[in-house]
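Residue 159 is where the sequence shown starts when you use my numbering, and the numbers rise one by one after that.
Ideal placement from N, C-alpha and C gives every residue a C-beta, glycine not left out.
Note that this is a predicted model, so its numbers are computed, not measured.
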Amino acid sequence: MNLTLLSSPLQGFTDFRFRNAVHKHFGGIDTYYAPYIRLNGRFLIKNGYANDLALKNNTTLEVIPQIMTCLEDEFLFVVEYVQSLGYKELNWNLGCPYPMVTNKGMGSGMINSPEKIDRILDRVHSETDIIVSMKMRMGYADSDEILRAFPVLAKYPLKNIAIHARIGAQLYEGGVDLEAFQRCVDAAPHKLYYNGDITTVSIFREMQDRFPSIDHWMLGRGLISDPFLPMMIKNDTEEYPEDRMEVFSKFHDRLFSAYAEKLSGEKHVVMKMLSFWSYFAAAFSDTKKIIKRIKKCKTVAAYDVVIAEVLEHESERFIYDD
Ligand SMILES: Cc1cc2nc3c(=O)[nH]c(=O)nc-3n(C[C@H](O)[C@H](O)[C@H](O)COP(=O)(O)O)c2cc1C
């Protein structure tokens with residue numbers, strides 16, 4: 159079966175700097191979703207979003223922009239913006255679980271309002287020719303909400319529905335609900351993509367066995383924690399390449415340089431890298447110690463020393479393990 163892997167967006171992490179670095183050093187991802195654009199009632203595209211979607215920053219990647227809104231006019235404004243850049247598709251975020259979003263009837267807080275979803279999709283499809291895809295949780299309070307939204311979604315030629323197999327009220331707690339996801343597979347009016355907790359090749363294989371009709375898989379946190387994962391899934395292997403730490407080190411340096419160019423002040427760059435290490439460290443031994451050491455770094459020089467030691471220690475570990 160043909161296998162398509164997509165990078166699931168993480169606001170604050172998977173911007174064009176991260177996407178380009180992953181694409182150059184690891185590969186394996188077919189399409190990258192950009193983190194959502196949110197207007198907050200102001201019809202203005204912030205510089206951060208504009209930079210993230212600018213074609214000059216995404217020359218070698220296939221990128222799909224995303225919007226989070228519950229307002230028709232905001233949706234239409236963003237459609238016009240992304241089309242002006244040449245994008246053909248806009249993904250709609252109906253998955254965000256955080257109360258400051260869901261309390262305003264956005265993200266997963268909107269799944270339970272099919273009539274509002276209908277109003278937006280109706281205008282978007284009658285007034286524009288953008289391709290719309292969805293990224294959803296299965297509901298906010300219960301996993302049947304999405305089933306009740308399907309008849310409305312069925313009215314429109316959506317490209318696909320990517321489902322993070324949790325409900326909003328869970329935030330990121332508890333496991334994914336695979337039985338509820340199966341109910342979506344049985345009832346969905348559109349092509350489904352699976353998303354949620356794919357962190358290893360063996361977990362991926364279990365998911366693939368359980369859902370043989372799914373051929374599009376989204377990786378979010380698993381990709382950041384272990385950027386080798388997509389290629390290993392594609393090659394159907396649990397073996398890392400022999401030059402694992404060398405490749406990771408080059409990726410790390412590229413990411414670091416990209417943020418050093420963007421952020422002013424050494425402390426900010428180190429803090430940004432610390433946020434990435436909160437994921438990277440999972441694939442290293444002594445996760446907590448790494449985080450603790452980076453937290454203490456006040457300068458780039460101190461950070462460089464810690465990272466050089468961590469990478470050297472890991473390289474030795476892999477040679478020893480062999
Ligand atoms: C810090 C953070 C930021 C996120 N930002 C977005 C976002 O901008 N758009 C979106 O659709 N999902 C966002 N998500 C959800 C992820 O894309 C993904 O659906 C979720 O983490 C489950 O997949 P995973 O287990 O592979 O990470 C975010 C998740 C986290 C933890």
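Legend entry - DSSP three-state assignment for N318, whether helix, strand or coil: coil
Inset, instruction - Could you have a look at L234 and say whether DSSP puts it in helix, strand or coil? - result: Helix, per DSSP.
Inset, instruction - Under the assumption that V464 contacts R475 (Cβ atoms under 8 Å), give the Cβ distance between them as a whole number of angstroms. - result: A Cβ-Cβ distance of about 16 Å is found for the pair V464 and R475, leaving them out of contact under the 8 Å criterion.
Legend entry - Nearest to L377 (by Cα), restricted to the options I187, N318, F438: I187
Inset, instruction - Going by CA-CA distance only, name the one from D300, K392, L219, T445 that's closest to V334. - result: V334 has its Cα closest to that of D300, out of D300, K392, L219, T445.
Legend entry - Near ligand 1: C254 beta-carbon under 8 Å from a heavy atom: yes
Legend entry - Spatial neighbours of S421 in its chain, beta-carbon cut-off 8 Å, leaving aside the 5 residues before and after: Ser is not the amino acid found at residue 421; the sequence shown has Leu there. If we look at L421 and ignore the five residues flanking it on each side, its Cβ neighbours are V427, K430.
Inset, instruction - Determine the contact status of S360 and E397, defining contact as a CB-CB distance below 9 Å. - result: no
Inset, instruction - To the nearest angstrom, report how far apart G423 and A466 are at their CA atoms. - result: 21 Å
Legend entry - Inter-residue Cα distance where the pair is F235 and D444: If you take the alpha carbons of F235 and D444, they lie about 47 Å apart.
Inset, instruction - Would you mind sorting S166 into buried or exposed? The rule is 16 or more other CB atoms within 10 Å of its CB. - result: By the neighbour-count rule (16 or more Cβ atoms within 10 Å), S166 is buried.
Inset, instruction - Collect the residues with a C-beta less than 6 Å away from any heavy atom of ligand 1 and give them in sequence order along the chain. - result: S166, P167, L168, Q169, G170, P193, Y194, Q224, N251, G253, K293, H322, N353, G354, D355, I356, L377, G378, R379, G380
Inset, instruction - Check whether the region 400-414 touches the region 195-207, taking contact to mean three or more Cβ pairs, one atom from each stretch, closer than 8 Å. - result: no
Legend entry - DSSP state of A192 mapped onto helix, strand, coil: In this structure, A192 counts as strand in the three-state DSSP scheme.
Inset, instruction - Find the nearest neighbour of A418 within the set Y437, A459, K349, judged by alpha-carbon distance. - result: Put simply, of Y437, A459, K349 the residue whose alpha carbon is nearest the alpha carbon of A418 is A459.
Inset, instruction - Give the straight-line distance between the Cα atoms of C228 and R368, rounded to the nearest whole angstrom. - result: 34 Å
Inset, instruction - Taking L279 as the reference, give the member of M292, G267, N270 with the closest Cα. - result: Looking at the Cα atoms, M292 is the closest of the given residues.
Inset, instruction - Can you tell me which of the three DSSP states N216 falls into? - result: coil
Legend entry - Under the three-state DSSP convention, the category L432 falls into: helix
Legend entry - Other residues of its chain near D384: CB distance less than 6 Å, five sequence neighbours each side excluded: A441
Inset, instruction - Kindly indicate which three-state DSSP category D480 falls into: helix, strand or coil? - result: Because D480 sits at a pLDDT of 47, beneath the cut-off of 50, its placement in the model cannot be relied upon, and the point is left open.
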